Amino acid sequence: MATGLGYRALNTPEDEFRLLVFENTDSVDTDELLKCYVQHESMRRAALLPDFYAVSYTWGDISQRSTILVGGNKIKVPRNAEVALRRCIHELHTHGLTQDIRPRRLYIWIDAVCINHADRAERSSQLSMMNAVYTQAKTVMIWLGEDEDHSAEQAVDSVHAVVEQCKTETNDLAGLFKRMWDTSARRLSIRSSDDALPKSCNLGALRSFYSSRWFTRLWVIQEACLAKNAVCFKGSHTIPLYDVALAAQWMWYRGRGKLSPDDDGRGSHVKGIRNATEIWDCMSHVYATPKLLWTILAMGMEFETTDPLDKIYGLFGLIELWLQQIPEISFKPDYSVSQVELYAIATRAAILDAGNLAVLGITSRAVNPRPKDTIPGLNMPTWVPRFDWTIDRTKGSTCHIQPPLRGSSNGSPVRLSYIQGLPDVLTVEGLIVDEVRHTFPFSTTSTPTDSQNEHTQADLQHAWRLASEHASEKICSPLDLSFATTICAGQDVSYMSIIANPNFHGHCAAYFQASAHKDLQKIGDSISSSLARRKDSGPSPTNTEPDPSIYAKALANASQNRSLFFTADGRVGLGPRKLRNGDKVCIIPGSAVPLILRKDRAFWDLVGDAYVHGLMDGKYYCGLAAFGKLDEQTQYFHIQ
1 MATGLGYRAL NTPEDEFRLL VFENTDSVDT DELLKCYVQH ESMRRAALLP DFYAVSYTWG
61 DISQRSTILV GGNKIKVPRN AEVALRRCIH ELHTHGLTQD IRPRRLYIWI DAVCINHADR
121 AERSSQLSMM NAVYTQAKTV MIWLGEDEDH SAEQAVDSVH AVVEQCKTET NDLAGLFKRM
181 WDTSARRLSI RSSDDALPKS CNLGALRSFY SSRWFTRLWV IQEACLAKNA VCFKGSHTIP
241 LYDVALAAQW MWYRGRGKLS PDDDGRGSHV KGIRNATEIW DCMSHVYATP KLLWTILAMG
301 MEFETTDPLD KIYGLFGLIE LWLQQIPEIS FKPDYSVSQV ELYAIATRAA ILDAGNLAVL
361 GITSRAVNPR PKDTIPGLNM PTWVPRFDWT IDRTKGSTCH IQPPLRGSSN GSPVRLSYIQ
421 GLPDVLTVEG LIVDEVRHTF PFSTTSTPTD SQNEHTQADL QHAWRLASEH ASEKICSPLD
481 LSFATTICAG QDVSYMSIIA NPNFHGHCAA YFQASAHKDL QKIGDSISSS LARRKDSGPS
541 PTNTEPDPSI YAKALANASQ NRSLFFTADG RVGLGPRKLR NGDKVCIIPG SAVPLILRKD
601 RAFWDLVGDA YVHGLMDGKY YCGLAAFGKL DEQTQYFHIQ
């Protein structure tokens with residue numbers, strides 16, 4: 001933000017905003033102060049707007065300040081803002097991005113100066129105009145930072161090489177979707193390939209390029225996606241954002257394992273490349289098929305903001321663009337509301353937008369990336385995700401549970417009610433199916449990647465003994481296959497339903513047969529015998545050799561940070577680690593998977609989602625409906 005500038009109030013009804021006008025830009029390459037003045041413009045007269053450029057950058061350390069002259073007054077701005085302005089003005093001239101070599105005036109929008117951040121009301125109203133600002137800008141100038149290690153030229157050349165390879169192998173992008181995405185089952189899943197990136201690629205330069213803090217900042221998503229034209233600047237080198245994002249998508253598909261020297265996936269460049277793929281995805285959707293609000297909010301959790309309210313408001317330009325046809329869920333930026341209130345509003349909007357409860361799956365997956373909350377005493381309702389947290393398996397997040405076919409409620413739409421005066425309560429209709437009686441948390445330190453992992457083997461031995469004692473053979477038949485399916489949540493290594501993978505049970509049998517423990521070996525032998533008897537039914541397995549490690553990875557994906565549980569009726573399931581005896585297993589229309597709810601006086605707490613063997617495909621729900629018992633068992637749940 002700028003200090004020392006006497007802001008003249010904007011005319012909000014006229015959708016006014018500020019532009020900086022630079023008349024003499026000869027000083028940008030000298031030590032002289034940048035000189036400009038402020039001009040008010042109106043979005044209501046968009047046809048009369050001058051050509052202007054918007055600057056996208058990261059604020060960095062706001063304690064580091066630089067001085068610029070605005071209307072003859074010296075004002076302090078974040079150093080990164082001054083550097084970005086100076087560099088972008090220089091590049092506008094030297095790379096011929098303006099109509100004239102030396103235009104008489106340059107009009108530039110930059111948030112640090114053009115918005116009075118000290119005025120909450122103005123900040124809120126200006127955020128409502130971000131869609132218009134970035135859409136109307138002639139070019140969005142993206143400042144990635146200085147070329148400190150002198151690798152930018154090689155990085156730009158490498159990005160071009162990756163893009164060229166991508167276009168060559170996908171018929172100029174016509175076959176990109178089919179090449180990269182697996183559509184064989186109900187849920188899309190991005191493929192991975194071991195094929196090489198171009199030999200000319202300098203991976204070190206690419207790592208440096210995508211390590212820019214710009215790729216971690218949430219605000220950049222809408223700044224990039226709403227732009228008619230966006231250009232990245234790194235030092236004195238330029239490249240279109242389209243190429244940067246497309247290259248990231250191709251690298252994520254083809255060179256994922258080559259991005260980090262130690263392949264641990266934790267480097268800042270890996271996060272930058274991953275986030276750039278999200279930007280590419282949004283750019284691909286922005287004027288085509290809208291993304292669902294809950295997927296936008298989940299995506300934002302991978303990016304950073306200083307203010308937790310900006311986890312919502314920082315995406316408002318995209319939200320407004322995609323949801324403008326749904327008036328019931330419209331909301332405007334308002335920095336006077338609390339974090340709890342805003343997140344609850346956003347979650348309700350996501351439910352109404354999707355027509356289901358998919359957003360609730362985030363609640364048990366989100367983990368606090370900080371040792372302590374930055375806002376003490378925050379009392380978030382259990383059904384409202386912490387959008388300011390992150391989804392990180394290394395910190396305790398669970399995997400997404402993907403249901404087969406139409407899900408536990410057979411695709412039934414959500415049925416919401418509202419209690420006057422209780423905006424923090426979500427009221428839904430559903431039914432209690434069962435009750436948790438026994439739980440077993442899988443080892444928190446166990447990340448099984450092979451069949452000989454002793455932590456995993458110990459867990460599985462204990463879990464199998466519990467299954468033999470508490471699971472009902474009548475409900476879980478055959479018990480060994482039901483057990484083996486449950487502990488991987490019915491999903492293969494790509495998080496796809498095992499129904500669509502005819503080879504999965506072969507991998508499963510091989511995994512247990514490779515165990516050093518006889519009781520686990522018997523599970524594998526039994527599954528193998530069952531497969532031999534059923535070879536004429538269901539999808540035909542291919543000639544793929546059974547691979548124990550494939551099942552091991554699926555098991556790791558599903559069981560990490562979760563608990564195995566057994567119910568009063570003898571069902572077996574995989575649920576949140578914080579499960580307790582007495583928790584209820586519920587089927588809620590609008591949720592594709594069973595939800596675990598906990599009674600709290602007149603209300604209920606959402607514990608999280610679960611895989612429950614025998615309840616995932618909707619047959620139980622449809623059976624109740626067929627026998628006329630669904631209505632009598634349906635009740636209201638007031639979730640707080």
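For the sequence shown, the positions run 1 to 640 when UniProt numbering is used. Backbone N, C-alpha and C fix where the C-beta goes; we use that ideal spot for every residue, glycine too. Please read all numbers here as calculations on a predicted model, not as lab measurements.
- Contact between the region 523–531 and the region 597–609 is not established, with fewer than three Cβ pairs separated by less than 8 Å.
- Minimum Cα-Cα distance from residue 570 among the listed residues 591, 160, 477 corresponds to 477.
- Bridge partners of residue 232 according to DSSP: 142, 239.
- Counting of Cβ neighbours within 10 angstroms places residue 155 among the buried residues, the total reaching 16 or more.
- A straight line joining the alpha-carbon of residue 275 with that of residue 521 spans about 42 Å.
- Annotation: the continuous alpha helix (DSSP H) that includes residue 556 extends over 548–559.
- Judged by DSSP in its simplified three-state form, residue 147 adopts coil rather than helix or strand.
- Segment contact: the region 558–577 against the region 502–519, fewer than three CB-CB distances shorter than 8 Å; contact not assigned.
- The beta-carbon distance between residue 566 and residue 471, rounded to whole angstroms, is 6 Å. This is short enough to meet the 8 Å contact definition.
- In this structure, residue 166 lies near residue 250, with their beta-carbon atoms less than 8 Å apart.
- Per DSSP, reduced to three states, the secondary structure at residue 438 is strand.
- Bridge partners of residue 217 according to DSSP: 304.
- Apart from the 5 residues on each side of it in sequence, residue 415 sits with its Cβ closer than 6 Å to the Cβ of 429, 589 in its chain, given in chain order.
- Judged by DSSP in its simplified three-state form, residue 524 adopts helix.
- Residue 237 places its beta carbon less than 8 Å from that of residue 153.
- Here residue 57 carries a coil assignment [DSSP, helix/strand/coil].
- When DSSP states are grouped into helix, strand and coil, residue 600 belongs to the strand group.
- If you look at residue 455, you'll find it in the alpha helix (DSSP H) that goes 454–470.
- The beta-carbon separation of residue 71 and residue 37, rounded to 4 Å, stays under the 8 Å limit for a contact.
- Nearest to residue 552 by alpha-carbon distance, out of 169, 544, 512, is 512.
- Cβ-Cβ separation between residue 605 and residue 382: approximately 4 Å, consistent with a contact (criterion under 8 Å).
- At a Cβ-Cβ threshold of 8 Å, residue 638 and residue 602 count as neighbours.
- Residue pairing of residue 367 in beta bridges, as defined by DSSP: 390.
- Annotation: the continuous beta strand (DSSP E) that includes residue 109 extends over 106–109.
- DSSP places residue 282 within a helical segment (H, G or I) once states are collapsed to three.
- One Cα belongs to residue 629, the other to residue 417, and the distance between them is close to 22 Å.
- If you compare the alpha carbons of 363, 369, 368, 307 with that of residue 339, the shortest gap goes to 307.
- Under the three-state reduction of DSSP, residue 353 is assigned to helix.
- When the Cα atoms are used, residue 89 and residue 498 turn out to be separated by approximately 55 Å.
- In this structure, the alpha-carbon of residue 515 lies about 9 Å from that of residue 524.
- Assignment of residue 277 by DSSP, reduced to helix, strand and coil, places it in the helix class.
- Taking 8 Å as the cut-off, the Cβ atoms of residue 277 and residue 294 do not count as close.
- For residue 80, the enclosing alpha helix (DSSP H) starts and ends at 79–94.
- In this structure, residue 333 sits near residue 316, with a CB-CB distance shorter than 8 Å.
- Note that the region 114–122 does not touch the region 205–220; fewer than 3 beta-carbon pairs, one per stretch, sit closer than 8 Å.
- A residue is called buried once 16 or more other Cβ atoms fall within 10 Å of its Cβ, and residue 19 is buried on that count.
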